[in-house]
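Structure, as structure tokens:
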Amino acid sequence: MEIHALAALEAGRPLEAFTYTLGGLASQDCLIRVCACGVCHSDLHMIDNDWGRSRYPLVPGHEVVGEVVEVGSEVRHLKPGDRVGVGWQRSACLQCLECLRGNENLCAHSQATIVTGYGGFGDYLAIDARFAFKIPAGIPTHVAGPLLCGGITVYSGLRAAGMSSGQEIGVIGVGGLGHLAVQFAGRLGNRVTVFTTSEDKARQAAALGAHRAVIVPPGESPPPPVERLDIIISTIPYALDAVGYLAHLAADGTLVFVGVPPEPLALPVRELVRGRRRLMGSGIGSRSRIVEMLSVAERFGVMPIVETFAMAEANEALERVRRNRVRYRAVLLAE
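To get my numbering, take the position in the sequence shown, counting from 1, and add 522.
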């Protein structure tokens, strides 16, 4: 079977038409007809080989939503016609201690969708069916994809940091990740404080359910705290004053990073000892956490705000993401 896709043939190059041949499906795989695919900043990192592990030709796309058209001989939970989604993770060993604990996302042998295979910027995608998730009926196809990367990243990070309900939650950044963190935290019964760079973003966060906004101009430290927070989640990919944000945490509070700054953190340990505060990082979530997240998103109306493009406009969409001109997630639609 020939699959028609868009690929970067070299690091940093615009995407070009690319065709590859798919052999027969493995016993645990499924074949998905792509209906929509989100455009994540991680796609740009992979196109540019920023992480040093890209393989070319590289077909981006790891926020895939589509229809199952064929399943392998051992697949029982999916059938042709099912609407499913695929995120950052393609597969895991499912045998190591972390996998057996239900932490497949932490598997040392985890494979990423666009690192060890071709992604969703094409007409079809073959994937391990155990990492394809049924999309609840209440989530539209064109917004489902970003939930499988940005959505699960913030949801898993907040849950791992101890978020339940009735808490004070801080969100640093109101962007592709942050606007989803505000929704998940607020709609699960928490008071949300956002730390953002502009009044415009503060108003947008309020419309999404934030209760309070703290304006922090770019490159500056947050002001002294007025209220203490149980959890602060940082969704921004650039340096920040971690000590300044730790001051906003209550005792036993957690500062969790899901955005990855390029520079190491400078953090005196006494700032953690004082107040018994915690510092942690979090990536994507396990399969069970993804299913939980999708259920919560449907039940409480957590929906990404997206701009849509035709699949043929992928280079335009990537450039807009690169220039931070998308509010808040770009999605390619199959033609």
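Backbone N, C-alpha and C fix where the C-beta goes; we use that ideal spot for every residue, glycine too.
Below 8 angstroms between beta carbons: does that hold for residue i and residue j?
i           : j           : result
residue 559 : residue 667 : yes
residue 537 : residue 837 : yes
residue 674 : residue 797 : no
residue 781 : residue 817 : no
residue 706 : residue 813 : no
residue 761 : residue 561 : no
residue 657 : residue 606 : yes
residue 767 : residue 744 : yes
residue 852 : residue 844 : no
residue 826 : residue 665 : yes
residue 597 : residue 636 : no
residue 614 : residue 632 : yes
residue 527 : residue 593 : no
residue 730 : residue 704 : yes
Are there 16 or more other CB atoms within 10 angstroms of the CB of residue i, so buried, or fewer, so exposed?
i           : result
residue 659 : exposed
residue 640 : buried
residue 610 : buried
residue 531 : exposed
residue 601 : exposed
residue 749 : exposed
residue 701 : buried
By DSSP's criteria, residue i is part of a beta bridge. Which residues make up the other side?
i           : result
residue 800 : 776
residue 556 : 588
residue 855 : 558 and 832
residue 735 : 716
residue 633 : 613
residue 754 : 692 and 777
residue 767 : According to DSSP, which records beta bridges pairwise, residue 767 is partnered with nothing at all.
residue 657 : BP columns for residue 657 are empty, so no partner.
residue 729 : None, per the DSSP bridge assignment.
With distance defined between alpha-carbon atoms, name the residue in the options nearest to residue i.
i           : options               : result
residue 638 : 590, 657 and 583      : 583
residue 612 : 857, 551, 687 and 748 : 551
residue 624 : 810, 853, 830 and 828 : 810
residue 524 : 531, 555 and 534      : 555
residue 821 : 687, 535, 709 and 563 : 709
Is residue i close to the ligand NAP? I mean its beta-carbon at under 7 angstroms from any heavy atom of the ligand.
i           : result
residue 756 : The ligand NAP is not part of the structure shown, which contains no ligands of any sort.
Does the beta carbon of residue i come closer than 8 angstroms to any beta carbon on chain C?
i           : result
residue 687 : Given the protein chain composition of this structure (a single chain), no chain C is represented.
Does the region 534-554 come close enough to the region 635-646 that 3 or more CB-CB pairs lie under 8 angstroms? Yes: the two stretches touch, three or more of their Cβ pairs being nearer than 8 angstroms.
Can you find at least 3 beta carbon pairs, one from the region 683-698 and one from the region 584-602, that sit closer than 8 angstroms? The answer is no - the region 584-602 does not touch the region 683-698, with fewer than three Cβ pairs under 8 angstroms.
How do the region 611-629 and the region 573-581 stand: do at least 3 beta-carbon pairs fall below 8 angstroms, yes or no? Not touching, per the Cβ criterion.
Does the region 773-790 come into contact with the region 723-739, if we say contact requires no fewer than three beta-carbon pairs (one atom in each stretch) closer than 8 angstroms? No: fewer than three Cβ pairs fall under 8 angstroms.
Cβ pair count under 8 angstroms reaching 3, the region 747-762 against the region 673-688: Output reads yes: the region 673-688 touches the region 747-762.
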